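> The sequence shown begins at 19 in the numbering used here and counts up one residue at a time.
Before we start, here is the structure in question, set down as structure tokens.
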Amino acid sequence: MTENLKTLSDEGVSIWLDDVSRERLRSGNLEQLVRDKHVVGVTSNPTIFANALSKGDAYDAQLRELAVRGVGVDEASRAITTYDIRWACDVLRPVYDRTDRVDGRVSIEVDPRLARATEATIAEAKALWWTVDRPNLLIKIPATLEGLPAITSVLAEGISVNVTLIFSVQRYGEVIDAYFAGLEQALAKGLDISGIESVASFFVSRVDTEADKRLEKLGRPELKGRAGVANAQLAHELYDQKFSSERWKALEAAGARPQRPLWASTGVKDPSLPDTLYVTELVAPGTVNTMPEATLDAAADHAVIHGATIVGAETYAAAHAVFSELKDAGVDYDDVVRVLEDEGVEKFETSWNQLLETLKGELEAKA
19 MTENLKTLSD
29 EGVSIWLDDV
39 SRERLRSGNL
49 EQLVRDKHVV
59 GVTSNPTIFA
69 NALSKGDAYD
79 AQLRELAVRG
89 VGVDEASRAI
99 TTYDIRWACD
109 VLRPVYDRTD
119 RVDGRVSIEV
129 DPRLARATEA
139 TIAEAKALWW
149 TVDRPNLLIK
159 IPATLEGLPA
169 ITSVLAEGIS
179 VNVTLIFSVQ
189 RYGEVIDAYF
199 AGLEQALAKG
209 LDISGIESVA
219 SFFVSRVDTE
229 ADKRLEKLGR
239 PELKGRAGVA
249 NAQLAHELYD
259 QKFSSERWKA
269 LEAAGARPQR
279 PLWASTGVKD
289 PSLPDTLYVT
299 ELVAPGTVNT
309 MPEATLDAAA
319 DHAVIHGATI
329 VGAETYAAAH
339 AVFSELKDAG
349 VDYDDVVRVL
359 EDEGVEKFET
369 SWNQLLETLK
379 GELEAKA
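This is the structure we're talking about:
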């Protein structure tokens, strides 16, 4: 049942799990997924942590200790989440070493309430980097306008970054430029930029969700389920262009590694679509696909991988044609991605507030 995942991995796609929890760690499940299902990385977000904390008793002992110490809710949230991430980093450390620091990465997100605050994001990213204190950590920073200079500044300090909540191709170009600028500044400081890793998390299924809702209202259901994949394919076209530029070649000569495209939000939301759609249609070497466990299991069971499906000019031309059809149908792409970014920030902030509220109740109960 894992032959499909092996084939995907052999095609150069790094398989990451979009989930982490104390129970998954203490049961050895993460180690099992690394061993048996070709998982070579882990991503997390506020929603994942909120869900993890609401289930089972895995956090009870630490919660009791935090309550006895009289630790506040914000500090408790960081203590709990960084504990899990540090543990996951240790589990993935052999992969990190085996892949020469490329994979074996674990991501933790800055407080989503800071998504529109540049300086606070920078300070939070540094604090998380120091607290977790593992070389295979990635700090997740959202690709808001305010996040872009934070990305550059944090990279310039030698901190590896997972840029999250990317929806538009234009913003993705700005993210790549922020990556280049951060490496250039790090190089100017005399840092070894070969140790700085970054991925750019381009969200897929949410684009379909928003575009398809509009297509239904416009009476064009035959175009549903096409925007997400086409948008990711156009992002890969931009990746090809940017990472063949003279600016990149100069950084590469100094030891830099490419900022890999990461396909995020790969769980299919529309049950009428194949549940492995965002796996089988986004196969390209040097990319990452981070999957919720249900998608990972579905891919292991029945994904059909027939080599790369992002194959250059032909793929990109077809993707442009999809967006021409969507535009002609009345779908406003710029508005779609604007709505998705605003909703993405809001959803993660809501999840974080739910996490804090749950923690508050747990701390009070155990005090």
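Backbone N, C-alpha and C fix where the C-beta goes; we use that ideal spot for every residue, glycine too.
A quick note: this is a predicted structure, and the numbers were derived from the prediction, not measured.
Express the C-alpha separation of Gly90 and Pro279 in angstroms, rounding to a whole number.
One-based indexing of the sequence shown puts residue 279 at position 261. One-based indexing of the sequence shown puts residue 90 at position 72. So the two alpha carbons sit approximately 37 Å from each other.
> Is Phe185 near Leu358, with beta carbons less than 8 Å apart?
Indexing the sequence shown from 1 puts residue 185 at position 167. Indexing the sequence shown from 1 puts residue 358 at position 340. A contact, by the Cβ cut-off of 8 Å.
> Taking the alpha carbon of Asp226 as the point to measure from, which residue in Asn307, Val349 and Gly59 has its own alpha carbon closest?
The count along the sequence shown starts at 1 and reaches residue 226 at position 208. Of the candidates Asn307, Val349 and Gly59, the one whose C-alpha sits nearest the C-alpha of Asp226 is Val349.
> Using alpha carbons as the reference points, say which of Gly273, Ala337 and Gly88 lies closest to Gly246.
For this step, residue 246 is matched to residue 228 along the sequence shown. Per the Cα distances, Ala337.
> How far does the beta strand (DSSP E) with Ala282 in it extend, from its first residue to its last?
On the sequence shown, position 264 is the one that residue 282 refers to. Arg278 to Ala282 is the extent of the beta strand (DSSP E) around Ala282.
> Is there a Cβ from chain B that is less than 8 Å from the Cβ of Ser45?
As a matter of chain content, chain B is missing from the structure shown, which is built from one protein chain.
> Using beta-carbon positions only, say whether Ser219 and Asn180 come within less than 8 Å of one another.
Start at 1 with the first residue of the sequence shown, and residue 219 comes out as number 201. Start at 1 with the first residue of the sequence shown, and residue 180 comes out as number 162. Yes.
> Val187 and Ala253 - do their beta-carbons sit closer together than 8 Å?
Within the sequence shown, numbered from 1, the residue matching residue 253 stands at position 235. Within the sequence shown, numbered from 1, the residue matching residue 187 stands at position 169. Contact flag set, yes.
> Span of the alpha helix (DSSP H) holding Ile214?
In the sequence shown, the residue the question calls residue 214 occupies position 196. Taken as a continuous stretch (DSSP letters only), Ile214 belongs to no alpha helix (DSSP H), as it is neither H nor E.
> Three-state secondary structure (DSSP) at Leu156?
Position 138 of the sequence shown, counted from the first residue, corresponds to residue 156. Leu156: strand per DSSP, three-state reduction.
> Taking the beta strand (DSSP E) that Arg244 belongs to, which residues open and close that run?
Here residue 244 refers to the residue found at position 226 when the sequence shown is read from its first residue. Arg244 -> no beta strand (DSSP E), and no H or E assigned at all.
> Could you tell me whether the Cβ atoms of Gly200 and Asn154 are closer together than 8 Å?
Mapped onto the sequence shown, residue 200 falls at position 182. Mapped onto the sequence shown, residue 154 falls at position 136. Their beta carbons are not under 8 Å apart, which means Gly200 does not touch Asn154 by this criterion.
> What does a CB cutoff of less than 6 Å around Ile194 pick up in its chain, not counting 5 residues either side in sequence?
Sequence index remark: in the sequence shown, residue 194 carries index 176 (1-based). Excluding positions up to five away in sequence, the list reads Lys260.
> Does the contact criterion of 3 or more C-beta pairs under 8 Å hold for the segment 157-165 versus the segment 222-239?
The segment 157-165, when compared against the segment 222-239, does not touch it at the 8 Å Cβ threshold.
> For Thr99, which of helix, strand or coil comes out of DSSP?
The count along the sequence shown starts at 1 and reaches residue 99 at position 81. Three-state result, Thr99: helix.
> Is the number of C-beta pairs between the segment 338-345 and the segment 28-44 that are closer than 8 Å three or more?
Cβ pair count under 8 Å is below three, so no.
> Just confirm the distance between the C-beta atoms of Asn307 and Val31, as a whole number of angstroms; I'd bet it's less than 8 Å.
In the sequence shown, residue 307 corresponds to position 289, counting from 1. In the sequence shown, residue 31 corresponds to position 13, counting from 1. That pair is a contact at about 6 Å.
> By DSSP, does Trp32 sit in helix, in strand, or in coil?
The residue labelled residue 32 in the question sits at position 14 within the sequence shown. The sequence shown places Ser at residue 32, rather than the Trp named in the question. Here Ser32 sits in strand by DSSP.
> To the nearest angstrom, report how far apart Thr182 and Phe366 are at their CA atoms.
By 1-based counting over the sequence shown, the position of residue 182 is 164. By 1-based counting over the sequence shown, the position of residue 366 is 348. Those two C-alpha atoms are separated by around 11 Å.
> Pick helix, strand or coil for Arg119, following the three-state DSSP scheme.
Residue 119 sits at position 101 when you count from the first residue of the sequence shown. Coil, per DSSP.
> Can you say whether Trp148 is buried or exposed, counting buried as having 16 or more other CB atoms within 10 angstroms of its CB?
As a first step, residue 148 is located in the sequence shown; it is residue number 130 there, counting from the start. Trp148 should be labelled exposed.
> For Glu299, which three-state DSSP category applies?
Start at 1 with the first residue of the sequence shown, and residue 299 comes out as number 281. In the structure shown, Glu299 sits in coil (DSSP, three-state: anything other than H, G, I, E or B).
> Where does Glu142 fall in DSSP's three states?
Numbered from its first residue, the sequence shown carries residue 142 at position 124. DSSP places Glu142 in helix when its eight states are reduced to three.
> What would DSSP say about Asn63, mapped onto helix, strand or coil?
In the sequence shown, residue 63 corresponds to position 45, counting from 1. If DSSP states are grouped into helix, strand and coil, Asn63 belongs with coil.
> By a C-beta neighbour count over all protein chains shown, 10 Å radius and 16 as the cutoff for buried, is Leu300 buried or exposed?
Taking the first residue of the sequence shown as 1, we reach residue 300 at position 282. Buried: at least 16 other Cβ atoms inside 10 Å.
> Quick one: Cα of Ala94 to Cα of Leu84, how far?
The residue labelled residue 94 in the question sits at position 76 within the sequence shown. The residue labelled residue 84 in the question sits at position 66 within the sequence shown. When rounded, the distance between both Cα atoms is 7 Å.
> If you follow the beta strand (DSSP E) that Val181 is part of, which residue opens it and which one closes it?
Within the sequence shown, residue 181 is the residue found at index 163, counting from 1. First-last of the beta strand (DSSP E) with Val181: Val179 to Ile184.
> Who are the Cβ neighbours of Lys378 in its own chain at under 8 Å, not counting the five residues just before and after it?
Position 360 of the sequence shown holds residue 378. Answer for Lys378: Val91, listed in chain order.
> Just the C-alpha distance for Tyr114 and Asp353, rounded to the nearest angstrom, thanks.
By one-based count along the sequence shown, residue 114 stands at place 96. By one-based count along the sequence shown, residue 353 stands at place 335. When rounded, the distance between both Cα atoms is 39 Å.
> Taking the straight line between their C-alpha atoms, what separation do you get for Gly330 and Asp258?
Reading the sequence shown from its first residue, position 312 is the one you call residue 330. Reading the sequence shown from its first residue, position 240 is the one you call residue 258. The straight-line gap from Cα to Cα measures roughly 9 Å.
> Taking the C-alpha atoms as reference points, what is the distance between Ala268 and Phe198?
As a position in the sequence shown, residue 268 is number 250, starting the count at 1. As a position in the sequence shown, residue 198 is number 180, starting the count at 1. Distance between the alpha carbons of Ala268 and Phe198 is about 10 Å.
> Can the beta-carbon of Leu26 be found less than 8 Å from the beta-carbon of Leu314?
Translated into positions along the sequence shown, residue 26 becomes position 8. Translated into positions along the sequence shown, residue 314 becomes position 296. No; because the gap between Cβ atoms is not below 8 Å, this pair is not in contact.
> Report all residues from its chain with a CB closer than 8 Å to the CB of Leu381; omit the five preceding and five following residues, and keep chain order.
The residue given as residue 381 occupies position 363 in the sequence shown. If we look at Leu381 and ignore the five residues flanking it on each side, its Cβ neighbours are Leu81, Leu84, Ala85, Val89, Val91 and Ala94.
> Between Asp129 and the rest of its own chain, which residues show a CB-CB distance below 6 Å, the 5 nearest in sequence each way excluded?
As a working mapping, residue 129 is identified with position 111 in the sequence shown. Here the set comprises Glu142.
> Looking at C-alpha atoms only, which residue of Glu215, Ala316 and Ile177 is the closest neighbour of Gln277?
The residue labelled residue 277 in the question sits at position 259 within the sequence shown. Looking at the Cα atoms, Glu215 is the closest of the given residues.
> Using the Cβ count rule (16 or more neighbours within 10 Å means buried), how would you classify Ser212?
For this step, residue 212 is matched to residue 194 along the sequence shown. Exposed: under 16 other Cβ atoms inside 10 Å.
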